[in-house]
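Data first, discussion second: the structure below is written as structure tokens.
2 protein chains.
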Amino acid sequence: MRSESNRAPTIRDVARVANVSTATVSRYINGAQKFTAATEERLREAIATLGYKTDPLARSMITGRTRTVAVVILDIRNPHFTGIVKGANRKALDLGYNLLFVDTAERQSGEVGMLRELSRRVDGLIVSSRMPDSDLSALRDLQKPVVFFGRAAGEGVHSVSADGRSAAGMLARHLIDLGHRKIAYLGYPLARWDSERKGGLTAALIEAGLTPQYFAAEAPTLEAGEKAVGEVLMGSDRPDAVVCFNDLLAIGFMNQAQAAGVRVPEQVSVTGFDDIPFSRFTSPALTTVDMQSEAMGELALVRLLELIEGTLVASEETLRPRLVVRASTARKAAPLKSDV
Amino acid sequence: MRSESNRAPTIRDVARVANVSTATVSRYINGAQKFTAATEERLREAIATLGYKTDPLARSMITGRTRTVAVVILDIRNPHFTGIVKGANRKALDLGYNLLFVDTAERQSGEVGMLRELSRRVDGLIVSSRMPDSDLSALRDLQKPVVFFGRAAGEGVHSVSADGRSAAGMLARHLIDLGHRKIAYLGYPLARWDSERKGGLTAALIEAGLTPQYFAAEAPTLEAGEKAVGEVLMGSDRPDAVVCFNDLLAIGFMNQAQAAGVRVPEQVSVTGFDDIPFSRFTSPALTTVDMQSEAMGELALVRLLELIEGTLVASEETLRPRLVVRASTARKAAPLKSDV
DNA sequence: TTGTACGCGTTATCAC
DNA sequence: GTGATAACGCGTACAA
Numbered sequence: 103m104r105s106e107s108n109r110a111p112t113i114r115d116v117a118r119v120a121n122v123s124t125a126t127v128s129r130y131i132n133g134a135q136k137f138t139a140a141t142e143e144r145l146r147e148a149i150a151t152l153g154y155k156t157d158p159l160a161r162s163m164i165t166g167r168t169r170t171v172a173v174v175i176l177d178i179r180n181p182h183f184t185g186i187v188k189g190a191n192r193k194a195l196d197l198g199y200n201l202l203f204v205d206t207a208e209r210q211s212g213e214v215g216m217l218r219e220l221s222r223r224v225d226g227l228i229v230s231s232r233m234p235d236s237d238l239s240a241l242r243d244l245q246k247p248v249v250f251f252g253r254a255a256g257e258g259v260h261s262v263s264a265d266g267r268s269a270a271g272m273l274a275r276h277l278i279d280l281g282h283r284k285i286a287y288l289g290y291p292l293a294r295w296d297s298e299r300k301g302g303l304t305a306a307l308i309e310a311g312l313t314p315q316y317f318a319a320e321a322p323t324l325e326a327g328e329k330a331v332g333e334v335l336m337g338s339d340r341p342d343a344v345v346c347f348n349d350l351l352a353i354g355f356m357n358q359a360q361a362a363g364v365r366v367p368e369q370v371s372v373t374g375f376d377d378i379p380f381s382r383f384t385s386p387a388l389t390t391v392d393m394q395s396e397a398m399g400e401l402a403l404v405r406l407l408e409l410i411e412g413t414l415v416a417s418e419e420t421l422r423p424r425l426v427v428r429a430s431t432a433r434k435a436a437p438l439k440s441d442v
Numbered sequence: 103m104r105s106e107s108n109r110a111p112t113i114r115d116v117a118r119v120a121n122v123s124t125a126t127v128s129r130y131i132n133g134a135q136k137f138t139a140a141t142e143e144r145l146r147e148a149i150a151t152l153g154y155k156t157d158p159l160a161r162s163m164i165t166g167r168t169r170t171v172a173v174v175i176l177d178i179r180n181p182h183f184t185g186i187v188k189g190a191n192r193k194a195l196d197l198g199y200n201l202l203f204v205d206t207a208e209r210q211s212g213e214v215g216m217l218r219e220l221s222r223r224v225d226g227l228i229v230s231s232r233m234p235d236s237d238l239s240a241l242r243d244l245q246k247p248v249v250f251f252g253r254a255a256g257e258g259v260h261s262v263s264a265d266g267r268s269a270a271g272m273l274a275r276h277l278i279d280l281g282h283r284k285i286a287y288l289g290y291p292l293a294r295w296d297s298e299r300k301g302g303l304t305a306a307l308i309e310a311g312l313t314p315q316y317f318a319a320e321a322p323t324l325e326a327g328e329k330a331v332g333e334v335l336m337g338s339d340r341p342d343a344v345v346c347f348n349d350l351l352a353i354g355f356m357n358q359a360q361a362a363g364v365r366v367p368e369q370v371s372v373t374g375f376d377d378i379p380f381s382r383f384t385s386p387a388l389t390t391v392d393m394q395s396e397a398m399g400e401l402a403l404v405r406l407l408e409l410i411e412g413t414l415v416a417s418e419e420t421l422r423p424r425l426v427v428r429a430s431t432a433r434k435a436a437p438l439k440s441d442v
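Taken in sequence, the protein lines are chains P and R. Just so it is clear: in the first sequence, position 193 is 295 by my numbering, and no numbers are missing. Just so it is clear: in the second sequence, position 66 is 168 by my numbering, and no numbers are missing.
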């Protein structure tokens, strides 16, 4: 069924066999027109016998479209980003697009250059990054549509996020309802979403007449969560609830706290953000907020394609988070000791 | 610093400005030759002022190389595959290649067609798949190098895997050393690696004069692990150790077993495969075997590039797994009841 | 060392 | 409805 030659059949081969011009073959392939029954039949047959497939590269060369988009994320091992990629992949398959994947974890520097390289190979980019605002503006010069996560980078840039401020508020009110008064935030200041969550938490606590303690983790990871226990729980003024920047931190924190003899949630309630799949399987199961990772990935891809098609003007979109109460938060027990 | 026109500068623009031919520019770009100091200087300057960047599409068109490889996996949410992608991404960045990512979870059918489409856009493919052998042979017709995971698909196909047989043997001997006699295997028969692990376990048990019980999960997931508890533990002849096909199954299983009042590891030891990051954070921490997911991803990419360069003849490569003993396995306690 | 001329496979444009 | 042909941007014989 396949031609003897190694060379893949071209539109010219089809034209010769079907006894038409290459232009006609092209129009047939792209279904742009009607044909006489005779030509249509000859075309169909020639294409079938030759096993002709149009070359996407050559097509891109002239149309300027690659039907490929880049998805650039910080660390695929973080289930939040895994969800984003999963969602973007699903929509990409639905809509006939390809995904160029880049995990930038090991390449903090030269990110702008890499994006510039990438942008020549794709029709648009989905980007999650910690790069400074000064670099962000450079991305507008790429002349390619970009969808960001977690922040409106202004003028002509579309962004998709979940409402971290209200998510933090949900957690705060949940903890306050449980009787907690000394609430700490274990943040990761380098993350794009940290200030939003910190701000939302702070606002809700202040509204209740409380003041949060702040701590900073070294990374948004399980290991960093473990490390943070010493600083957060072993001080003189131990908090009775800890809100962690994400579920990874929370899980690592909870685990190490228990290893150090602190009971969760009896002595300290712990929460995260994201609702990653494992949060249901920790011990105790983790109270968290679903930040809609997969939906963000889907939405980012859909909006990006709309930007590419020109049917959308860039703007900001925010998904609604959902509080997920599990066993790592509980009503505060009678205080075992009084603090100074 | 950038030309006024919207059009990106081409090799012809550079040639005109530098007062040389396009051929000279091309040779300069590709560093294929020495030049007189004068021309070199003019070229350098023209390229800099125009901000010229070579168009990868046009280059691919003529070289037949895209510097892009596809990585096709089953489910990015499974940390084993996450590790593979992570490793492949790392090496790809190192070596200046791009990764075209596809998660096939939602597209079980039409996989061969999709790979055929993909293969026209890339120089080679890294594939993890459950497709039947009959389809595998079709991939050889792609005329593109392919690296598979977990199985040598024969003739001209390179494969990378971790030794599941010996990994299962390690777990078996570990459990036997702990005094376990009734050992069950909770498999996932559709997976490529299932029979290898099952076989290795069986062989090691038989060598010790034992016979395993076999169970099958519906999926290689946390949820399927939960579901399997009823069948595995609630029968008349409860095993005192369960080896699960992967860590996800094991974690789900362990969690639900405990919820059902079965103590781990006191009443039943549980193990998995893969050593995913979370396995250290479950309660109890999971005994498992490190199947070198990231190293597999790295190796797959390196070997694929060697296949592309033609410096490698296809073959099989197997990584050595590493037993990771944690708290989910323990010495068998004195039997609480005797079995019929 | 450098230039000329052509080819890669496709689509767009203009005739007919 | 169909055909001839010029692009698209680059690499590379071959000639000079």
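Just so it is clear, CB atoms sit at the ideal spot from N, CA and C, and this is done for glycine as well.
**Q.** Secondary structure of P/Thr-304, DSSP reduced to three states
**A.** In the first sequence, the residue the question calls residue 304 of chain P occupies position 202. Correct three-state label for P/Thr-304: helix.
Q) Which stretch, first to last residue, makes up the alpha helix (DSSP H) that contains R/Asp-115? A) Sequence index remark: in the second sequence, residue 115 of chain R carries index 13 (1-based). R/Asp-115 -> alpha helix (DSSP H) spans 113-120.
Q: Give, in chain order, every residue of the stretch 201-220 of chain P whose Cβ lies closer than 9 Å to some Cβ of chain R.
A: Leu-201, Leu-202, Phe-203, Val-204, Asp-205, Thr-206, Ala-207, Glu-208, Arg-209, Met-216, Arg-218, Glu-219 and Leu-220
(Q) Am I right that R/Asn-121 and R/Arg-144 are in contact with their C-beta atoms under 8 Å? What's the rounded C-beta distance? (A) Taking the second sequence and counting its residues from 1, one reaches residue 121 of chain R at position 19. Taking the second sequence and counting its residues from 1, one reaches residue 144 of chain R at position 42. About 6 Å; that satisfies the 8 Å criterion.
Q: Spell out a yes or no on whether the stretch 201-209 of chain R and the stretch 156-172 of chain R are touching, meaning 3 or more CB-CB pairs, one atom from each, closer than 8 Å.
A: yes
Q) Grouping DSSP H, G and I as helix and E and B as strand, with all else coil, what is R/Ile-149? A) The residue labelled residue 149 of chain R in the question sits at position 47 within the second sequence. Three-state result, R/Ile-149: helix.
Q: List the DSSP bridge partners of P/Gln-315.
A: Stepping through the first sequence from its first residue, residue 315 of chain P is reached at position 213. DSSP output for P/Gln-315 lists P/Ala-286 as bridge partner(s).
Q | The alpha helix (DSSP H) enclosing P/Phe-375, as first and last residue numbers | A | Looking up residue 375 of chain P in the first sequence gives position 273. Note, P/Phe-375: premise wrong, no alpha helix (DSSP H); not H, not E.
(Q) Excluding the 5 residues flanking R/Lys-188 on each side, which residues of the same chain have their C-beta closer than 7 Å to its C-beta? (A) Counted from its first residue, the second sequence places residue 188 of chain R at position 86. The residues are Glu-396 and Gly-399.
Q.
Using a Cβ-Cβ distance cut-off of 8 Å, determine whether R/Ser-381 contacts chain P.
A. Residue numbering aside, residue 381 of chain R sits at position 279 when the second sequence is read from its first letter. Chain P contact via Cβ: absent.
Q: Grab the span of the alpha helix (DSSP H) containing R/Gly-327 for me, first residue to last.
A: In the second sequence, residue 327 of chain R corresponds to position 225, counting from 1. Unbroken alpha helix (DSSP H) run through R/Gly-327: 324-335.
Q: Residues of the stretch 133-166 of chain R with a CB closer than 8 Å to any CB of chain P: list them in chain order, please.
A: Lys-155, Asp-157, Pro-158, Leu-159, Ala-160, Ser-162 and Met-163
Q | Own chain, CB closer than 6 Å to P/Arg-424, minus 5 neighbours either side, in chain order | A | Along the first sequence, read from residue 1 onward, the residue named residue 424 of chain P stands at position 322. So the list reads Asp-392, once near-sequence residues are dropped.
Q.
Does any residue of chain R have a CB that is nearer than 8 Å to the CB of P/Thr-384?
A. Taking the first sequence and counting its residues from 1, the one referred to as residue 384 of chain P is at position 282. Yes, its Cβ sits closer than 8 Å to a Cβ of chain R.
Q: On a CA-only basis, which of R/Thr-323, R/Lys-155, R/Leu-414 and R/Arg-167 is nearest R/Val-249? Give me that one, please.
A: Walking along the second sequence from the start, residue 249 of chain R turns up at place 147. Among R/Thr-323, R/Lys-155, R/Leu-414 and R/Arg-167, the Cα nearest to that of R/Val-249 is on R/Leu-414.
Q. Alpha carbon to alpha carbon, what distance is there between R/Ala-402 and P/Asp-441?
A. As a first step, residue 441 of chain P must be located in the first sequence, where it is residue number 339. As a first step, residue 402 of chain R must be located in the second sequence, where it is residue number 300. Since pLDDT at P/Asp-441 reaches only 45, below the 50 mark, its modelled position is unreliable, and the value read off the structure follows with that caveat. So the alpha carbons of these two residues sit roughly 57 Å apart.
Q.
Please list, in chain order, the chain P residues whose beta carbon lies closer than 7 Å to that of R/Gly-252.
A. Here residue 252 of chain R corresponds to residue number 150 of the second sequence, with the count starting at 1. Those do not exist, as R/Gly-252 stays about 20 Å from chain P at its closest Cβ, beyond 7 Å.
(Q) DSSP three-state label for R/Leu-403, please. (A) Translated into positions along the second sequence, residue 403 of chain R becomes position 301. Correct three-state label for R/Leu-403: helix.
**Q.** Beta-carbon neighbours of R/Lys-188, restricted to chain P and to distances below 7 Å
**A.** In the second sequence, counting from the first residue as 1, residue 188 of chain R sits at position 86. Near R/Lys-188 (Cβ distances below 7 Å), the residues of chain P are Ile-178, Arg-179 and Asp-205.
Q. How would you label P/Thr-138, buried or exposed, when you count the other beta carbons within 10 angstroms and need 16 or more for buried?
A. Residue 138 of chain P sits at position 36 when you count from the first residue of the first sequence. So P/Thr-138 counts as exposed.
Q. Does R/Leu-324 come within less than 8 Å of chain P when only Cβ atoms are used?
A. On the second sequence, position 222 is the one that residue 324 of chain R refers to. Chain P, which has a Cβ nearer than 8 Å to the Cβ of R/Leu-324, makes this yes.
Q.
According to DSSP, R/Glu-388 sits in a beta bridge with which residue or residues?
A. The count along the second sequence starts at 1 and reaches residue 388 of chain R at position 286. Here the sequence assigns Leu to residue 388 of chain R, which means Glu is not the residue at that position. Note: R/Leu-388 sits in no beta bridge, so no partner.
Q: Measure the C-alpha to C-alpha separation of R/Thr-112 and P/Asn-200 and round it to an integer number of angstroms.
A: Counting from one through the second sequence, the residue named residue 112 of chain R turns up at place 10. Counting from one through the first sequence, the residue named residue 200 of chain P turns up at place 98. Approximately 26 Å between the Cα atoms of the pair.
Q) Under 8 Å, do P/Leu-152 and P/Val-119 count as touching if we go by C-beta distance? A) As a first step, residue 152 of chain P is located in the first sequence; it is residue number 50 there, counting from the start. As a first step, residue 119 of chain P is located in the first sequence; it is residue number 17 there, counting from the start. Yes. Within cutoff.
Q. Whose Cβ in chain R lies nearer than 7 Å to the Cβ of P/Ile-353?
A. By one-based count along the first sequence, residue 353 of chain P stands at place 251. In chain order: Phe-383.
Q) DSSP three-state call for R/Asp-455: helix, strand or coil? A) Only positions 103 to 442 of chain R appear in the structure, and residue 455 of chain R is not among them; the question remains open.
Q: Rounded to whole angstroms, what's the CA-CA distance from R/Val-429 to P/Pro-181? Just pull it up for me.
A: Within the second sequence, residue 429 of chain R is the residue found at index 327, counting from 1. Within the first sequence, residue 181 of chain P is the residue found at index 79, counting from 1. This sequence places Ala at residue 429 of chain R; Val is not what is there. Each residue's alpha carbon lies about 25 Å from the other.
Q) Would a C-beta distance cut-off of 8 Å place R/Arg-232 and R/Arg-294 closer than the cut-off? A) Sequence index remark: in the second sequence, residue 232 of chain R carries index 130 (1-based). Sequence index remark: in the second sequence, residue 294 of chain R carries index 192 (1-based). Yes, the Cβ-Cβ distance between R/Arg-232 and R/Arg-294 is below 8 Å.
Q: Report, in whole angstroms, the separation of the C-beta atoms of R/Arg-443 and P/Leu-195, which I expect to be a contact under 8 Å.
A: There is no way to answer for residue 443 of chain R, as the model of chain R reaches only from 103 to 442.
Q | Beta carbon proximity, R/Leu-407 to chain P, threshold 8 Å | A | Within the second sequence, numbered from 1, the residue matching residue 407 of chain R stands at position 305. R/Leu-407 does not count as touching chain P.
Q) Hey, is the stretch 347-358 of chain P in contact with the stretch 311-324 of chain P, meaning 3+ C-beta pairs nearer than 8 Å? A) yes
Q) Assuming R/Gly-252 and R/Arg-299 make a contact with CB atoms under 8 Å, what is their CB distance in whole Å? A) For the purposes of this step, residue 252 of chain R is taken as the residue at position 150 of the second sequence. For the purposes of this step, residue 299 of chain R is taken as the residue at position 197 of the second sequence. R/Gly-252 to R/Arg-299, Cβ: 11 Å. No contact.
Q: In angstroms with no decimal places, state the Cα-to-Cα distance between P/Thr-373 and R/Phe-375.
A: Translated into positions along the first sequence, residue 373 of chain P becomes position 271. Translated into positions along the second sequence, residue 375 of chain R becomes position 273. Their backbone Cα atoms lie some 29 Å apart in a straight line.
Q | Helix, strand or coil at R/Gly-266 [DSSP, three-state] | A | Taking the second sequence and counting its residues from 1, the one referred to as residue 266 of chain R is at position 164. Of the three classes helix, strand and coil, the one that applies to R/Gly-266 here is helix, per DSSP.
Q: Using a Cβ-Cβ cut-off of 8 Å, state whether R/Thr-389 counts as contacting chain P.
A: The residue labelled residue 389 of chain R in the question sits at position 287 within the second sequence. By this cut-off, R/Thr-389 is not an interface position.
Q.
So that I know if they touch, is there some Cβ in chain P lying closer than 8 Å to that of R/Leu-238?
A. Residue 238 of chain R sits at position 136 when you count from the first residue of the second sequence. With 8 Å as the cut-off, R/Leu-238 does not count as an interface residue toward chain P.
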